[in-house]
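What follows is a short report on a single structure.
Chains as they are written, first to last, in my numbering: chain A, 1219 to 1337; chain B, 1219 to 1337.
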């Protein structure tokens, strides 16, 4: 699968609400996940750690909706735009956020995912 | 100016339809511009060349609207989402396209811009 194929399949799973399956299928064993924040979530390495972050996120939020737009493709990278509507279980605060996920593909797998947050 | 400052100012100019001014103000002298296509437009280097491409694009299309969303920021990079509605002056064909512009900032200037096209 080339980058476009991976991008299309990954986006399709996200649009169907199957984010976990998208990761399971396409994260490389050594995938690096980068968030624009300080602290332990800023950089995680390895499929298990990244899955752990994802599981934490889904358990920490009540997800009202996640809309996925894309993919947008260039060379070995693709991007998705997410519009997220969630309530934090800890604070009770409801938040609408948009972000861009930028994915780098090697050998048919996502070796890096990097999230850019809307200001 | 850090990346967020550049991102906000660049986005604001784009939203005001001042793409040319955004480039003039923020492109580094050696800026590299990458398009996901074959041919001479695939990679251009230097402010003059990139401005030339931009001028060509605006002259080759009748622009009905360009909507800019963002910025989305992570470290030294920011992204904008463009929704473009144009008519090619050559073919007469009207096209709606979405794309992501991914910008890398160094020393308060954009040293690389990379466009990811919506599939």
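Glycine is no exception: its CB is placed at the ideal position from the N, C-alpha and C atoms.
Tell whether a beta-carbon distance below 7 Å holds between residue i and residue j.
i               : j               : result
residue 1306(A) : residue 1279(A) : yes
residue 1233(A) : residue 1247(A) : no
residue 1284(A) : residue 1268(A) : no
Distance check for residue j and residue i, CA to CA, integer angstroms please.
i               : j               : result
residue 1288(A) : residue 1324(B) : 28 Å
residue 1310(B) : residue 1292(B) : 39 Å
residue 1308(A) : residue 1297(A) : 30 Å
residue 1272(B) : residue 1237(B) : 9 Å
residue 1230(B) : residue 1312(A) : 27 Å
residue 1327(B) : residue 1251(B) : 13 Å
residue 1256(A) : residue 1277(B) : 44 Å
residue 1286(A) : residue 1225(A) : 12 Å
residue 1243(B) : residue 1290(A) : 27 Å
residue 1270(A) : residue 1222(A) : 27 Å
residue 1261(B) : residue 1300(A) : 28 Å
residue 1227(A) : residue 1235(A) : 13 Å
residue 1304(A) : residue 1259(A) : 19 Å
residue 1241(A) : residue 1294(A) : 17 Å
residue 1164(B) : residue 1331(B) : The first residue shown for chain B is 1219 and the last is 1337, placing residue 1164(B) beyond what the model contains.
Can you list, in chain order, the residues of its chain with a C-beta nearer than 6 Å to that of residue i? Leave out the 5 residues immediately preceding and following it.
i               : result
residue 1333(A) : 1253, 1317, 1319
residue 1263(B) : 1250
Who are the Cβ neighbours of residue i in its own chain at under 8 Å, not counting the five residues just before and after it?
i               : result
residue 1335(B) : 1254, 1315, 1317
residue 1329(A) : 1246, 1248, 1249, 1250, 1322, 1323
residue 1239(B) : 1231
residue 1275(B) : none
residue 1219(A) : 1227, 1326
Whole alpha helix (DSSP H) elements within the segment 1229-1312 of chain A, 4-residue minimum: 1237-1244, 1265-1278
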